[in-house]
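**Q** Protein chains in written order, with the numbering used here: chain X, 848 to 1568; chain A, 848 to 1568. The beta-carbon is built from N, C-alpha and C at its ideal position, and this holds for glycine as well. I am attaching a structure below and will ask some questions about it afterwards.
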């Protein structure tokens, strides 16, 4: 890994724990409708490829399976123990597991951090026991996990459903959502490789599971439901690896709930973990290549597309439909989500003309007309797939009188499965057989053949667009490093030391400009002056016209305090302005807190942008970039990233902002974007070097035309120590 | 109706046609898999409450039903004839219908406008025949229609499915979409009152059907799929009536496809009708109170909510869930879609505490915990419904081990049905039993009891938000009129006459300001000058500093042609600028096309906004409003409405724009929004009075603080005649 900023946590080997040869259920119950009973039944009925031991001091056997009174009494080595006992009994049980050298424990029991008070202490205790004894602890307060691997076949959960085998893994911070997802997946015929309920994440968390799934050959797509991320930087690094750097990258699709402050409140009452500001999470997902979605529908719409079809090589989609209206809706959706409609080659349209009736539309979207049967669909799909201008195909069917739905399903399935050996290279095929009941025989065939299917074309198109986005914007992106410039770190450190020695936390503009100068930012020429004479001398040095600003650690909003006068033309104007400004400031904060004034070069007009950073208590410095000037607060056009920034992130931050269009010269000449990017990189370097920086604003950075650089006109820093 | 701008089309009485006592199928076929056969079978099997006649010269009977050789041969009066014959035979058949005094005809047959060429002529011909003979003509190129009224029971379509009875009407411009929607509705247990495929809309169109559905007591909600609207103003008037003015307003939810230019291209190749610019359609839907959606999912998600539940009185939602994670996701969705989480009363929480276990969350979202059974759900739902801070409830269920899904379904259904007689006033209840298979017994109970149900909570919350939006922003909105000011219309007319007499279509600033002055716009003081002396005189009148602008009908972009110089301080500066400007202009467009200059008062700084209008070939003038100044093109922050504007539309246009936040004084004093609204109203009046105006830009209108008005600084008009 090329990241020197993160101390990676050790990678736990979860293989023995998640693919155990022997499992002990501690607290197995005779009552099959209890959690302990459900768990026992699930393991027994899932055809587990290992040995199940039951621990229950009050029973000799349950359903014909022998019970041991204690963990210690089990005569053979146990790979995994599952605790379904009252929370207060868990610490002792965990110690028994340690004594028996059991490497992994799932604590199903609730009554820990989520109930507060003593529960928090109890959770800390089991965490400590697990870590001291090198036990992999999953939970507490979870549903358990499921491993569908045919060599394991373990349903170590109390879910009512064992999913079928598949290449999608699901990690969830909500156990109840797991039960809903399993039921949904059953209805939609979706299979899983691993299905994991993380519970309270007392010991092992999403990072550990992601590492395990990275190395799991049976998992191709990873889905997550999370309410918080334990370590943003480490998440970025591991997810970035999985989604783009390993030999066979695996897409990660995630719901991070608690997006709104109300939701976050509900989330923290739920899991007891502080939810971070939502735009920080957006940044984390963006930098890690994970796709953040809002709803469970989206999660699975995209998952089946990624899991079952090759990625498109470009954004050009061909639509084959037996109905015009749905074709238009699909076209609208394609454009809305960043795809384009393939411009079919003349020879393709010629071929279509031959196989389709005269009233058919041979242009894309290709309309095979309402009376189309499977032969016409087959011919049209094969012809458009052969066109080099087509990167993917969406097949739409409406159930009309003549439509042989089942046969069309077979035809689509055959073409999709034949893609591997077809003369054309593999292209994704997605289908929407519109409706529910009449179309179901066709849908079942598609599902079994691995053709992603959607009730309405919009979802099919949107899923294809996500596949394209992953391919084009993530997998194919240029890989860049963390760039750094030679800077005068010691000079900046001196400023901070001075501020600290004065017990201050706020650095007014003069201090901030010193720091920025040390880090190579292009600051406007300026001088500090304590007297009117010094001010005039400074103005003469810099040359009129100049800007006069008050310098006081007690004045944060200079403008509101009459502390900024621009465009002073000569000494007379300066003297007048100086006296008035000092008098106002003295009256406002007291003469002892007025250090003097700053004389600054009057900046030429340019495009004003805003650069800043704020330290998140959990994730470290978050860099912010956007349009500066009057409308900033209204337009709220900002992009976020966690520092440090790779070169590509810097470029992306600028591109995402609306400022980009202005900087690119939508009117007139392009601005010096290189210099803006350089400043962002220097800012990233600065906040990474000095963890004491809590907040930094550079506003505005005035940007000139290409080659003419940019100038910092004002800035402020807040530190903590 | 208070609208004097629209000549309403006559209202057709569709009762006899859509609720016929006798139907003739012209072109009934023995081949049951043909369209004619399917149609015949559908009428026969739908238990039609009238008499069916078959017309087929080649058969004596089909399936035991007598055939007549011609329409004329039918011995009894026929209310509705359905043509399933080759398109070329339709005109003659239509004439036969006219001779037999048949009031209504559905032409199922394709081969008209949609195939182009001779098809267009054929369509014009049948349209003429129908109109000359007063025949209500539905189609051609359609699926037919379905009326589920128990007194009618007519499936006059070749769809494969007869939907169950319900209070939702569906109108579609795509026949194939109808078949998909019917199959979807069957799967989701959704019923319809009327189901109408409009086809090519040769004669009667969405306006006629909307009028019929307005008067249909069996229809409570109207769904539409349209690719174009025949008359925007009339659509607004009739839809506005239906959605808000009749005694029992009916929501209209619509998909208008062809949103993107690619989609519009596909749409026009499909229906042969020119699709209007999409933001015009947005304006039409907004002004008519119809809800525009993108997908069929949304259409039905919202439809079942509106059709089955009372509207919420406010935006405060209570969530009752047996799982934390989905509760958070629902909370996020609620906030995202403009709802708020009810703050439950202390006594409500007290009551919840009594019936829920200690670990339950008694704050909203109320978490009844994973082991909740129906009794706990029932108690919690009833308690939150009684809270006056709750306007609606979303019930979430995840299928956990202890969850008695069916019983919980019954409990929710009973509470929902009891709402009518409950001590609390009627509040909407929506449910999400998450999953598909295991939850289905509960879901079926909810559906039968009229509780809207969604696979995931997000859709339930979003649907409730739409209900709230309809109630709060449409039904409860203040009703306003078209305001007009006394203006000097004749003066404006004179300017246009002059321009026309000079064979010009472009009105440069001087002309435009004359028109605007006549219409009472607050224009900046200005003078036209032909010579340097006149210019200096004018500047002395107005007082320095002034702005100098070139006046030439050949220069559209003055700024680019060096034709604007601001902030001229005295005569010397003016003379210098004048000479340079005239020389440049002469060189650029020739001295004969340079009329002179405009001397304009130098405007004080204010907030710059943009007002404009553009005549749409189909819908007339469309008013545009947004932020002015440098960033306009980047921010693309504009609101649209069709003229004329009601007072509320004027206010809404301003509020929708990002300019509103700036005008409201997010920093400093609020601006003179009243004056902005007045200008918008005057603009609406101007473009309504003068249909020759093709385009008008007022940019910028500089707005000052409240009470200090606004000033038009520049403008241009393009006319056609």
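(1) Among 1459(X), 1354(X), 1491(X), whose alpha-carbon lies nearest the alpha-carbon of residue 1330(X)?
(2) Please report the distance separating the alpha-carbon of residue 1484(A) from that of residue 1502(A).
(3) Put residue 1040(A) into one of helix, strand or coil per three-state DSSP.
(4) Give every residue of the same chain whose Cβ lies closer than 8 Å to the Cβ of residue 1471(A), excluding the five residues on either side of it in the sequence, and list them in chain order.
(5) Quick one: measure Cβ to Cβ for residue 1506(A) and residue 1548(A), integer angstroms, because I've assumed they're closer than 8 Å.
(6) With 7 Å as the limit, tell me which residues of the stretch 1152-1182 of chain X have their beta carbon closer than that to any beta carbon of chain A; keep them in chain order.
(7) DSSP three-state call for residue 918(A): helix, strand or coil?
(8) Closer than 8 Å by C-beta to residue 1047(X): which residues in its own chain qualify, once you throw out the five before and the five after it? Chain order, please.
(9) Taking Cβ-Cβ distances shorter than 7 Å, what residues in chain X pair up with residue 1109(A)?
(10) Comparing C-alpha positions only, which one of 1551(A), 1540(A), 931(A), 1494(A) sits nearest to residue 1511(A)?
(11) Does any residue of chain X have a CB that is nearer than 8 Å to the CB of residue 1305(A)?
(12) At which residue ranges does the stretch 1160-1231 of chain X contain complete beta strand (DSSP E) runs of 3 or more residues, listed in the order of the chain?
(13) DSSP state of residue 1123(A), grouped into three classes?
(14) From residue 1100(A) to residue 1087(A), what distance separates their C-alpha atoms?
(15) How is the alpha helix (DSSP H) around residue 953(A) delimited, first residue to last?
(16) To the nearest angstrom, how far is it from the Cα of residue 907(X) to the Cα of residue 883(X)?
(17) Alpha helix (DSSP H) containing residue 864(A): first to last residue?
(18) Quick one: does residue 1463(X) have its CB under 8 Å from some CB of chain A?
(19) On the DSSP bridge list, what partners appear for residue 1488(X)?
(20) To the nearest angstrom, report how far apart residue 1465(X) and residue 1077(X) are at their CA atoms.
(21) Would you say residue 1540(X) faces chain A, with C-beta separation under 8 Å as the test?
(22) Using a threshold of 8 Å, state whether the C-beta atoms of residue 1159(X) and residue 1274(X) are closer than that.
(23) With 7 Å as the limit, tell me which residues of the stretch 1283-1295 of chain X have their beta carbon closer than that to any beta carbon of chain D; keep them in chain order.
(24) Leaving out the 5 sequence neighbours to the left and right, which residues in its chain are closer than 6 Å to residue 1556(X) when beta-carbon positions are compared?
(25) In the DSSP assignment, find the alpha helix (DSSP H) that holds residue 1532(X) and state where it starts and stops.
(26) So which residues of chain A does residue 1024(X) contact, with C-beta pairs closer than 7 Å?
(27) Give me, in chain order, the residues of the same chain whose beta-carbon lies closer than 6 Å to that of residue 848(X); leave out the 5 immediate sequence neighbours on both sides.
(28) By the 10 Å Cβ neighbour count, where 16 or more other Cβ atoms means buried, how is residue 1103(X) classified, buried or exposed?
(29) State yes or no: is the C-beta of residue 1264(A) within less than 8 Å of the C-beta of residue 1296(A)?
(30) Going by C-alpha to C-alpha distance, which of 1021(A), 1029(A), 1096(A) sits closest to residue 1002(A)?
(31) Tell me which same chain residues have a C-beta within less than 8 Å of the C-beta of residue 1228(A), skipping the five on either side of it?
(32) What does residue 1072(X) reach in chain A if we use C-beta pairs closer than 8 Å?
(33) Taking only beta-carbon positions, decide if residue 1008(A) is within less than 8 Å of chain X.
(34) Throw me the rounded Cβ distance for the residue 1085(A) and residue 1054(A) pair, which I believe falls under 8 Å.
(35) Could you say if the stretch 1437-1447 of chain A and the stretch 1388-1399 of chain A meet the contact criterion of at least three C-beta pairs nearer than 8 Å?
(36) Name the chain X residues whose beta carbon is nearer than 9 Å to that of residue 1005(A)?
**A** Checking against the coordinates, here is how it stands:
(1) In the first chain, counting from the first residue as 1, residue 1330(X) sits at position 483. Closest by alpha carbon: 1491(X).
(2) The residue given as residue 1484(A) occupies position 637 in the second chain. The residue given as residue 1502(A) occupies position 655 in the second chain. If I take the Cα positions, the gap works out to 12 Å.
(3) Numbered from its first residue, the second chain carries residue 1040(A) at position 193. Annotated three-state conformation of residue 1040(A) is coil, per DSSP.
(4) The count along the second chain starts at 1 and reaches residue 1471(A) at position 624. Closer than 8 Å at Cβ, skipping near neighbours: 1457, 1458, 1459, 1460, 1461, 1485, 1486, 1487.
(5) On the second chain, position 659 is the one that residue 1506(A) refers to. On the second chain, position 701 is the one that residue 1548(A) refers to. Contact between residue 1506(A) and residue 1548(A) does not hold, since their C-beta atoms are separated by about 10 Å, which reaches or exceeds 8 Å.
(6) Hits within the stretch, in order: 1169, 1170, 1171, 1172, 1173, 1174, 1175, 1176, 1178, 1179, 1182.
(7) Residue 918(A) sits at position 71 when you count from the first residue of the second chain. Under the three-state reduction of DSSP, residue 918(A) is assigned to coil, being neither helix nor strand.
(8) Working through the first chain from its first residue, we reach residue 1047(X) at position 200. Answer for residue 1047(X): 959, 960, 961, 970, 986, 987, 988, 989, 1118, 1119, listed in chain order.
(9) Sequence index remark: in the second chain, residue 1109(A) carries index 262 (1-based). Here the neighbours are 1178, 1182, 1188.
(10) Within the second chain, numbered from 1, the residue matching residue 1511(A) stands at position 664. Per the Cα distances, 1551(A).
(11) Locating residue 1305(A) in the second chain gives position 458, counting from the first residue. Taking Cβ atoms only, chain X reaches closer than 8 Å to residue 1305(A), which makes this a yes.
(12) You should have 1163-1168.
(13) Reading the second chain from its first residue, position 276 is the one you call residue 1123(A). With a pLDDT of only 46 at residue 1123(A), under 50, the local geometry of the prediction cannot be trusted, and no value is derived from it.
(14) Counted from its first residue, the second chain places residue 1100(A) at position 253. Counted from its first residue, the second chain places residue 1087(A) at position 240. C-alpha separation (whole angstroms): 13 Å.
(15) Counted from its first residue, the second chain places residue 953(A) at position 106. Taken as a continuous stretch (DSSP letters only), residue 953(A) belongs to no alpha helix (DSSP H), being part of the beta strand (DSSP E) at 951-954.
(16) Numbered from its first residue, the first chain carries residue 907(X) at position 60. Numbered from its first residue, the first chain carries residue 883(X) at position 36. Using only the alpha carbons, I get a separation of about 16 Å.
(17) As a first step, residue 864(A) must be located in the second chain, where it is residue number 17. Element bounds for residue 864(A): 862-865.
(18) Residue numbering aside, residue 1463(X) sits at position 616 when the first chain is read from its first letter. Chain A has no Cβ within less than 8 Å of the Cβ of residue 1463(X).
(19) Mapped onto the first chain, residue 1488(X) falls at position 641. Its beta-bridge partners are 1470(X).
(20) Counting from one through the first chain, the residue named residue 1465(X) turns up at place 618. Counting from one through the first chain, the residue named residue 1077(X) turns up at place 230. Residue 1465(X) and residue 1077(X) have their C-alpha atoms roughly 8 Å apart.
(21) Locating residue 1540(X) in the first chain gives position 693, where the first residue counts as 1. With 8 Å as the cut-off, residue 1540(X) does not count as an interface residue toward chain A.
(22) Your numbering for residue 1159(X) matches position 312 in the first chain. Your numbering for residue 1274(X) matches position 427 in the first chain. Yes, Cβ-Cβ distance for residue 1159(X) and residue 1274(X) is below 8 Å.
(23) Considering every chain present, this structure includes no chain D. Its protein chains are X and A.
(24) Taking the first residue of the first chain as 1, we reach residue 1556(X) at position 709. Hits under 6 Å: 1369, 1519, 1522.
(25) To locate residue 1532(X), count along the first chain from 1; it is residue 685. For residue 1532(X), the uninterrupted alpha helix (DSSP H) run begins and ends at 1520-1536, by DSSP.
(26) Position 177 of the first chain, counted from the start, is the residue given in the question as residue 1024(X). What residue 1024(X) touches in chain A: 1170, 1172, 1173, 1245.
(27) Taking the first residue of the first chain as 1, we reach residue 848(X) at position 1. Any reading at residue 848(X) must be qualified, since the residue scores a pLDDT of 32, below 50, and its modelled position is unreliable; the value itself is stated next. Counting only Cβ-Cβ distances below 6 Å, and skipping sequence neighbours, we find nothing.
(28) On the first chain, position 256 is the one that residue 1103(X) refers to. By the neighbour-count definition (other C-beta atoms within 10 Å, threshold 16), residue 1103(X) is a buried residue.
(29) Here residue 1264(A) is taken as the residue at index 417 of the second chain, counted from 1. Here residue 1296(A) is taken as the residue at index 449 of the second chain, counted from 1. Between residue 1264(A) and residue 1296(A), the CB-CB gap stays under 8 Å.
(30) Counting from one through the second chain, the residue named residue 1002(A) turns up at place 155. Of the listed residues, the one whose Cα sits closest to residue 1002(A) is 1029(A).
(31) Within the second chain, residue 1228(A) is the residue found at index 381, counting from 1. Residues of the same chain with a CB within less than 8 Å of the CB of residue 1228(A), apart from the 5 flanking positions on each side, are 1167, 1240, 1242, 1258, 1259, 1262, 1276 in chain order.
(32) Numbered from 1 along the first chain, position 225 holds the residue referred to as residue 1072(X). Residues of chain A passing the Cβ test: 1172.
(33) The count along the second chain starts at 1 and reaches residue 1008(A) at position 161. Answer yes: the Cβ-Cβ gap between residue 1008(A) and chain X drops below 8 Å somewhere.
(34) Here the question's residue 1085(A) lines up with position 238 in the second chain. Here the question's residue 1054(A) lines up with position 207 in the second chain. About 6 Å separates the two Cβ atoms, so the contact holds.
(35) Between the stretch 1437-1447 of chain A and the stretch 1388-1399 of chain A there are three or more inter-stretch CB-CB distances shorter than 8 Å, so the stretches are counted as touching.
(36) Here the question's residue 1005(A) lines up with position 158 in the second chain. The contacting residues are 1247, 1248.
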